[in-house]
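S.K.: Let me begin by handing over the structure; questions about it come next.
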Amino acid sequence: MAKKEEIIEAAKKVAVKAAGAVLEAAEAVVDKAAEVTEQVQSAAAEAYKEATTPVITPKDAKIPEGPLELKWTNYKNHQKLVNPANKRRLDIIVVGTGLAGASAAASLAEMGFNVLNFCIQDSPRRAHSIAAQGGINAAKNYQNDGDSVYRLYYDTIKGGDYRAREANVYRLAEVSNNIIDQCVAQGVPFAREYGGLLDNRSFGGAQVSRTFYAKGQTGQQLLLGAYSALSRQIGKGKVKMYTRYEMLDIVLIADENGEKRARGIIARNLVTGRIERFFAHAVVVGSGGYGNTFFLSTNAMASNGSAAMQMYRHGAYFANPCYAQIHPTCIPKHGDFQSKLTLMSESLRNDGRIWVPKKLEDAKRLQAGEIKGRDIPEEDRDYYLERRYPAFGNLVPRDVASRAAKERCDKGYGVNNTGLAVFLDFSEAIQRLGKDVVAQKYGNLFQMYEKIVDENPYENPMMIFPAIHYTMGGIWVDYELQTSVKGLFCIGEANFSDHGANRLGASALMQGLADGYFVLPYTIQNYLADQIGVPRMSTDLPEFAEAEKAVQAKIDKLMAIQGKRSVDSIHKELGLVMWDFVGMGRTAEGLKEGIAKIDAIKKEFWTNVYIPGEANSLNNELEKALRLADFIEIGRLMAVDALHREESCGGHFREEYQTPEGEALRQDDKFSYVGCWKYMGEDQEPQLIKEPLDYEFTERKTRNYKN
Amino acid sequence: MDQYIDIKVRVWRQAGPKAQGHFETYELKHVFQGASFLEMIDILNEQLIAEHKDPVTYDHDCREGICGMCSMYVNGHPHGPDSAITTCQLHMRKFHDGETITVEPWRSRAFPVIKDLMVDRGAYDKIMQAGGFVSVNTGGVPDANAIPIPKPVADEAMDAASCIGCGACAAACKNGSAMLFVAAKVSQLALLPQGKIEAAARAKAMVAKMDELGFGNCTNTGACAAECPKSVSLANIARLNREFLKAKFKD
Chain Z
0 MAKKEEIIEA AKKVAVKAAG AVLEAAEAVV DKAAEVTEQV QSAAAEAYKE ATTPVITPKD
60 AKIPEGPLEL KWTNYKNHQK LVNPANKRRL DIIVVGTGLA GASAAASLAE MGFNVLNFCI
120 QDSPRRAHSI AAQGGINAAK NYQNDGDSVY RLYYDTIKGG DYRAREANVY RLAEVSNNII
180 DQCVAQGVPF AREYGGLLDN RSFGGAQVSR TFYAKGQTGQ QLLLGAYSAL SRQIGKGKVK
240 MYTRYEMLDI VLIADENGEK RARGIIARNL VTGRIERFFA HAVVVGSGGY GNTFFLSTNA
300 MASNGSAAMQ MYRHGAYFAN PCYAQIHPTC IPKHGDFQSK LTLMSESLRN DGRIWVPKKL
360 EDAKRLQAGE IKGRDIPEED RDYYLERRYP AFGNLVPRDV ASRAAKERCD KGYGVNNTGL
420 AVFLDFSEAI QRLGKDVVAQ KYGNLFQMYE KIVDENPYEN PMMIFPAIHY TMGGIWVDYE
480 LQTSVKGLFC IGEANFSDHG ANRLGASALM QGLADGYFVL PYTIQNYLAD QIGVPRMSTD
540 LPEFAEAEKA VQAKIDKLMA IQGKRSVDSI HKELGLVMWD FVGMGRTAEG LKEGIAKIDA
600 IKKEFWTNVY IPGEANSLNN ELEKALRLAD FIEIGRLMAV DALHREESCG GHFREEYQTP
660 EGEALRQDDK FSYVGCWKYM GEDQEPQLIK EPLDYEFTER KTRNYKN
Chain V
0 MDQYIDIKVR VWRQAGPKAQ GHFETYELKH VFQGASFLEM IDILNEQLIA EHKDPVTYDH
60 DCREGICGMC SMYVNGHPHG PDSAITTCQL HMRKFHDGET ITVEPWRSRA FPVIKDLMVD
120 RGAYDKIMQA GGFVSVNTGG VPDANAIPIP KPVADEAMDA ASCIGCGACA AACKNGSAML
180 FVAAKVSQLA LLPQGKIEAA ARAKAMVAKM DELGFGNCTN TGACAAECPK SVSLANIARL
240 NREFLKAKFK D
């Protein structure tokens, strides 16, 4: 028999154990309850955020009623017009002289408006549209391969990963044919076939040949066409041209109802350093994209996002800033001193085949410089685009091709000394067509490559790597290309509208010219028709004086820092952070780290930049500093947008959201909207506004370029 | 293979349009030959900024040979010693260790210096405004395939149209003539049916404007075509002369 004490002891133990278990269970219940509460709270917070996030409706976006193919016609039939006598009384400022700016300035002046046109270069002909190589799309169906306005529309919507507005894209496809007619009439020497008719070639994301081209200099020829038209209007005195002027702010003036309207700009004469004021009844900005946030990009050195930031700070929404296009075929980076990356036209993918070695040891020997591409036998080459995407092969869209290159290089198959390059090989095309035909088609691009890399691409495959090229995101505009600020319009790459999350090759030229020749000159009249009674205003008004004062204060602040770092050294640092954290493969963790780093760079810039010289004279360093101040803000906005967009679509790839095969995984139920960001003040987090994208006419699918 | 080289850069410095200019020589060590010429100037400027000196002002933008912005006279040649490229496409592998490289702005009466290596090429725009266009307004034009153009003609027009308006031709010419620039545009448009209608008026207007702006006469030395970064052919000048004479005979 156990002793009484022992029994009591044992009973005590059991009781303590039981009590412990009860306590544990109770704790678990409490924990669970807390967890559930937290979940409920966060769901509620989410729902609250969702419910309180302002939404832009199709009506707000002024999308016309009616079936897709009749929207633009309906709009034009019912919009307000301005009669010739009134046109003469209205002034319009156009900022930028690229395809969008120059074509808009010329067309508006032809109609009879007075145009003030500004560019930062020494001549309007030098805008960066000039560097576009490959071509311009149009739905002419000259090749009888089944093309149509609808098909161009569909390819563009699909290429943009279903993140563009249907009505805008359809209009773009619709006017594409007018663009080709217009350019030919101007004397643009497009490539022709022996019968004398226009030639076409294929570009990524399409199964038809709808790309018109002028050698590898299509952008140049189209821009010179627009520049000719602009020159004609300057000669006639209808456009007053201001070269080497940079806009530093937009001036808003309230009307009698208290509504603020864009009524002019503050610009700096880059030669004298003088800050000047200009009035107009409306302001149109066609200032290009913000790819140079990354420092290294295919953009020109002076391309910048400052005009966009000036609009943003006045209340124009910045839409989809995270949608940046990384172009798959650029000449790889070769050193720290590098100032920019050079694009090799997408047209090269018509005949060039992209590959890396199948065997890792071959890649290692290439990286060590022991062998060259041509030394690797055919059976040891991995034509990975043809392998992964049989239906489109080397002509998959840019985002897909770029990611595929990154995937191979990440796995160690890169072919140059840094391991960050793949081959673009013409040996098969040279065998098939002969060297002469290849030279005729791509000669200037081959020459460009050889001058930079010092290697003959006829003998050894080119080496290429993805680089930042184009920004699909930009200032939000409605169907009329008007921003959320009255009287302020935005055209070309600077706006967000037509390419969704990824732009197809040869569509940038199309959009720039569509906006400038055929859309804005119509839609702006719907606004100006109500402004005919507004007299020209004096630039002595307090709004102008205040805007100028603020610009001057910013310049003085920058000049006074007198730190230790050059502008470029800080810009390069920003570029590296952007590439590493907001580049081709993004993650929530990386983006948060990126934001912290960008904030640190901002601090460094505003406390330690050094700008030599005087503010009131020609000063390149000051120009660069003003642009960098804005690039820092854009970089942050890109990261914030990329962090919020928890899906992969087009140029925006979040590593957490991919299929098992590594393809982009959209989340249509959550993110089928345009992410618009509203400025809330210096160092304040911007507010998200959504424009839902309800696909009314087109069924959304997972993009498939495999079969 | 590209190596690292030490060089001296002898650069034209001029504070403003009216200021007296002079050459200044800077030493640059350890410059990689794979760098472009403008990247070398960037390195020089970073060095000058670090010493709190005024960096060299120069025009540049696309850095891929198409915008026509860069404009340096390098070792006595517009766009440097290499052929058929712009300054931005020139690479340091064209220079050797220990070399002194002389860099000047465009030298032409019609292109006044603004600062250092930056000049005012507004005169080229003014010539274009005088007639470098086809007088069509936006809209109301015929279908692009309505007028077939023989491929050789279109190709020749394209070759003429490849001019980037950089000004190397006038800068290279001992007479400071802009004939190759004017000829390229007149040729392009005179070759194409769209431009033929105004060919005579265009040739006269552009030549008159060129003369008015202080460009010199053409004496067929051919320096312009030899230095042209886009290899625009001298044959265009012959065509311009024909167009101009034809127009004058019609008067």
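Going line by line, the protein sequences match chains Z and V.
Sequential numbering of the first sequence, starting at 0, is according to numbering that gives the first Met the number 0.
Sequential numbering of the second sequence, starting at 0, is according to numbering that gives the first Met the number 0.
C-beta: ideal position from N, C-alpha, C; glycine also.
Computed from a predicted structure; not experimentally measured.
Which residues of chain V have a Cβ atom closer than 8 Å to the Cβ of Ala130(Z), listed in chain order?
M.R.: Chain V residues near Ala130(Z): Cys61, Glu63, Ile65 and Cys66.
S.K.: Under three-state DSSP, which class holds Glu103(V)?
M.R.: Glu103(V) falls in the strand class under three-state DSSP.
S.K.: Anyone know if the C-beta pair for Glu49(Z) and Gln232(Z) falls short of 8 Å?
M.R.: Taking 8 Å as the Cβ cut-off, Glu49(Z) and Gln232(Z) do not qualify as a contacting pair.
S.K.: Is the Cβ-Cβ distance between Phe464(Z) and Ala420(Z) less than 8 Å?
M.R.: For Phe464(Z) and Ala420(Z), yes; Cβs fall inside 8 Å.
S.K.: For the stretch 325-336 of chain Z against the stretch 372-383 of chain Z, do three or more pairs of beta-carbon atoms, one drawn from each stretch, fall closer than 8 Å, so that the two count as touching?
M.R.: Not touching, per the Cβ criterion.
S.K.: Kindly indicate if chain Z contains any beta-carbon less than 8 Å away from that of His95(V).
M.R.: Not closer than 8 Å to any Cβ of chain Z, the Cβ of His95(V) fails to qualify, so no.
S.K.: So, does the stretch 130-150 of chain Z touch the stretch 503-520 of chain Z, judging by three or more C-beta pairs under 8 Å?
M.R.: Short answer: they touch.
S.K.: Assign Tyr193(Z) to one of two classes, buried (16 or more other C-beta atoms within 10 Å of its C-beta) or exposed (fewer than that).
M.R.: Per the 10 Å Cβ criterion, exposed.
S.K.: Using the rule of at least 16 other Cβ atoms within 10 Å of the residue's Cβ for burial, across every protein chain shown, is Arg702(Z) buried or exposed?
M.R.: Classification for Arg702(Z): buried.
S.K.: Starting from His77(Z), trace the alpha helix (DSSP H) in both directions and tell me its first and last residue.
M.R.: Residues Lys70 to His77.
S.K.: Tell me which residues share the same chain as Lys596(Z) and place their Cβ nearer than 6 Å to its Cβ, disregarding the 5 neighbours each side in the sequence.
M.R.: Around Lys596(Z): Val576.
S.K.: Look up Ser537(Z) in the DSSP assignment and say whether it is helix, strand or coil.
M.R.: Here Ser537(Z) sits in coil by DSSP.
S.K.: Based on Cα-Cα distance, which residue from Ala27(Z), Thr417(Z), His498(Z) and Ala638(Z) lies nearest to Ala163(Z)?
M.R.: The shortest C-alpha separation from Ala163(Z) is found at His498(Z).
S.K.: Assign His78(V) to buried or exposed, taking buried as 16 or more other Cβ atoms, counted over all protein chains shown, within 10 Å of its Cβ.
M.R.: Answer is buried; the Cβ neighbour count reaches 16.
S.K.: Please report how far the alpha carbon of Met91(V) lies from the alpha carbon of Val114(Z), in whole angstroms.
M.R.: Approximately 44 Å between the Cα atoms of the pair.
S.K.: Considering only the alpha carbon of each residue, which of Tyr153(Z), Thr210(Z), Phe202(Z) and Ile156(Z) lies closest to Ile178(Z)?
M.R.: Nearest of Tyr153(Z), Thr210(Z), Phe202(Z) and Ile156(Z) to Ile178(Z), Cα basis: Thr210(Z).
S.K.: Terminal residues of the continuous alpha helix (DSSP H) containing Phe189(Z)?
M.R.: It is not in any alpha helix (DSSP H) - Phe189(Z) carries neither H nor E in the DSSP assignment.
S.K.: Compute the distance between the beta-carbons of Ala184(Z) and Lys214(Z), then report whether it is under 8 Å.
M.R.: No, they are not a contact pair.
S.K.: For Cys675(Z), list the residues DSSP reports as bridge partners.
M.R.: Note: Cys675(Z) sits in a beta bridge opposite Ala318(Z) and Ile688(Z).
S.K.: Check the Cβ-Cβ distances between Phe36(V) and every residue of chain Z, and say whether any is below 8 Å.
M.R.: No, because no Cβ of chain Z sits closer than 8 Å to the Cβ of Phe36(V).
S.K.: Okay, do the stretch 450-470 of chain Z and the stretch 399-410 of chain Z touch, 3+ Cβ pairs below 8 Å being the bar?
M.R.: As far as the Cβ criterion goes, the stretch 450-470 of chain Z touches the stretch 399-410 of chain Z, which means the pair count is three or higher.
S.K.: Classify Lys75(Z) as buried or exposed, calling it buried when 16 or more other Cβ atoms lie within 10 Å of its own Cβ.
M.R.: Lys75(Z) is exposed by the Cβ-count criterion.
S.K.: Within the stretch 338-392 of chain Z, note down every full alpha helix (DSSP H) run reaching 4 residues or more, in order along the chain.
M.R.: Fully enclosed alpha helix (DSSP H) runs of 4 or longer: 359-366 and 383-387.
S.K.: Would you say Ala18(V) lies against chain A (beta-carbon separation less than 8 Å)?
M.R.: The structure shown has no chain A; the protein chains it does contain are Z and V.
S.K.: For His468(Z), report the span of its beta strand (DSSP E) as first-last.
M.R.: It spans Met461 to Thr470 - the beta strand (DSSP E) in which His468(Z) sits, taken as one unbroken run.
S.K.: Contact criterion: CB-CB distance below 8 Å. Does Gln13(V) meet it with respect to chain Z?
M.R.: Output row for Gln13(V): interface = no.
S.K.: For the structure I just gave you, are there three or more beta carbon pairs, one from the stretch 475-492 of chain Z and one from the stretch 316-323 of chain Z, closer than 8 Å?
M.R.: Yes, since at least three Cβ pairs between the stretch 475-492 of chain Z and the stretch 316-323 of chain Z fall closer than 8 Å, the two stretches touch.
S.K.: Quick one: which chain V residues come within Cβ less than 7 Å of Gly234(Z)?
M.R.: By Cβ distance, chain V contributes Gln128 and Ala129.
S.K.: Assign Arg665(Z) to buried or exposed, taking buried as 16 or more other Cβ atoms, counted over all protein chains shown, within 10 Å of its Cβ.
M.R.: Arg665(Z) is buried by the Cβ-count criterion.
S.K.: Tell me, please, whether the stretch 185-197 of chain V touches the stretch 115-123 of chain V by the rule of three or more beta-carbon pairs shorter than 8 Å.
M.R.: At 8 Å Cβ cutoff, the stretches do not touch.
S.K.: Mind checking the stretch 148-182 of chain V against chain Z and listing, in chain order, the residues whose C-beta falls within less than 7 Å of any C-beta there?
M.R.: Hits within the stretch, in order: Ile148, Pro149, Lys150, Ala153, Ala156, Met157, Ala160, Ser161 and Gly164.
S.K.: I want to check one thing, is the minimum distance from the CB of Gln481(Z) to the heavy atoms of the ligand GTP below 7 Å?
M.R.: Absence of the ligand GTP is noted for the structure shown, with no ligands found whatsoever.
S.K.: Using a Cβ-Cβ cut-off of 8 Å (strictly less than) and excluding sequence neighbours within five positions of Met509(Z), which residues of its own chain qualify?
M.R.: So the qualifying residues of the chain are Ile135, Asn136, Ala137, Leu171, Ser175 and Ile178.
S.K.: Quick check on His76(V) - is its C-beta less than 8 Å from some C-beta in chain Z?
M.R.: No, His76(V) does not count as interfacial toward chain Z.
S.K.: Ile7(Z): buried (16+ other C-beta within 10 angstroms of its C-beta) or exposed?
M.R.: When all chains shown are included, Ile7(Z) counts as exposed.
S.K.: Less than 8 Å between the C-beta atoms of Ser338(Z) and Met300(Z), yes or no?
M.R.: Cβ atoms of Ser338(Z) and Met300(Z): closer than 8 Å.
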